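In our numbering, the protein residues as written are 31 to 288. Heads up, the beta-carbon is just placed ideally off N, CA and C, and yes, glycines get one too. Remember, it's a predicted structure, so these values are computed and weren't measured experimentally.
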Amino acid sequence: MSIEVEQRDHLLLMGARRAQKMNALNKDMYHSLARALHRLEHDPELWVGVIWAEGPHFTSGVDLSDWAEAFASGSPFPVAEDEIDPFAMSGPRLSKPLVIAVQGRCYTWGWELLLNTDLRVAATDTRFAMLEVRRGFYACGGATLRLPTEIGWANAQRYLLTGDELGAEDAYRLGMVQQLCAPGEQLDAAIALAQRVAKAAPLGVQGSLRSSRLRMLEGEAAAIGPMFRGMAEVMRSEDAAEGVRSFVERREAVFRGR
């Protein structure tokens, strides 16, 4: 199985299991991950996703022998009805938070996948690189669109135009990674972070994420109205009532995503 899927309470763990090929992304892995994200989106008992990869390296990049023809077609990421594009380049976008754990080489699709997640944990030995310009083409999984926003225009071009590596410490300094850990501890650290998110009210988390994304994509003015309309809907939920009760009763809230 190229993508291992495991449910732990309200978390869905999605692991790349192609270490013998350094987790090079082929079409089977892509569609397996896309189906897992669709499951995360549509299962009300799943609140947070965690993406990880086995072995010393998150990924060496894409399997070009499998993808070259698709890249040349002009539409490399067609998704089926039971899939969500992991790179959010086509079709509906995941509305629930994603945490990613990376280590070793995190090249091309690995870096682009990370840019489409919400919280990032990296082992201190992680090296990021966009190698496409060294192979005769350029990144098409979102790096050209998102990396300049993440780390600044010139910082992004430093890596997009050269294919050079960015180390974990610099990624953390630039704000692209939120937590560093020793190699081998990244998955446990990511799960712990995801569990903290899952303890919060799921509808509140999804509303906050939706509002933040709208602000990022369309600007502050476009996000203000939907923010208050969304808040009114959330305030009618069972979880909002539980939040008020727990405050009055001075106890920790127990949320159910309803």
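Only residues of its own chain outside the window of five on either side were considered, and among them G45, A46, N53, T89 have a CB closer than 7 Å to the CB of A83, listed in chain order. In this chain, the beta strand (DSSP E) harbouring M44 covers 41–46.
S267 is positioned such that its CB atom lies closer than 9 Å to that of L233. The continuous alpha helix (DSSP H) containing V274 extends over residues 268–279. Looking at Y60, W77, L145, the one whose alpha-carbon comes closest to that of I114 is Y60. Looking from the CA of A201, the closest CA among G182, P116, L217 belongs to G182. The Cβ atoms of G287 and H68 do not sit closer than 9 Å to each other. Its chain contains M44, A66 as the residues whose beta carbon lies nearer than 6 Å to that of V35, once the 5 sequence neighbours on both sides are disregarded; these appear in chain order. For a cut-off of 8 Å, the C-beta gap from A184 to V80 is around 32 Å, too long to register as a contact.
For Q236, the enclosing alpha helix (DSSP H) covers residues 232–248. Annotation for F107: no alpha helix (DSSP H) segment contains it, and DSSP assigns it neither H nor E. In terms of CA proximity to G140, R157 leads the group A186, P127, K126, R157. In the three-state DSSP reduction, W139 falls in the helix class (H, G or I). Contact check for A198 and A153: beta-carbon distance about 7 Å, within the 8 Å limit, so the pair qualifies. When rounded, the separation of the alpha-carbon atoms in E250 and C136 is 33 Å. When DSSP states are grouped into helix, strand and coil, E195 belongs to the strand group. The residue from G193, C170, T192, M246 with its alpha-carbon nearest to that of S120 is C170. The C-alpha of R48 is placed about 38 Å away from the C-alpha of V284. By the beta-carbon neighbour count (other beta carbons within 10 angstroms, threshold 16), Y189 is buried.
When the Cα atoms are used, L149 and R203 turn out to be separated by approximately 15 Å. Taking all protein chains shown into account, A186 has 16 or more neighbouring C-beta atoms within 10 Å of its C-beta and is therefore buried.
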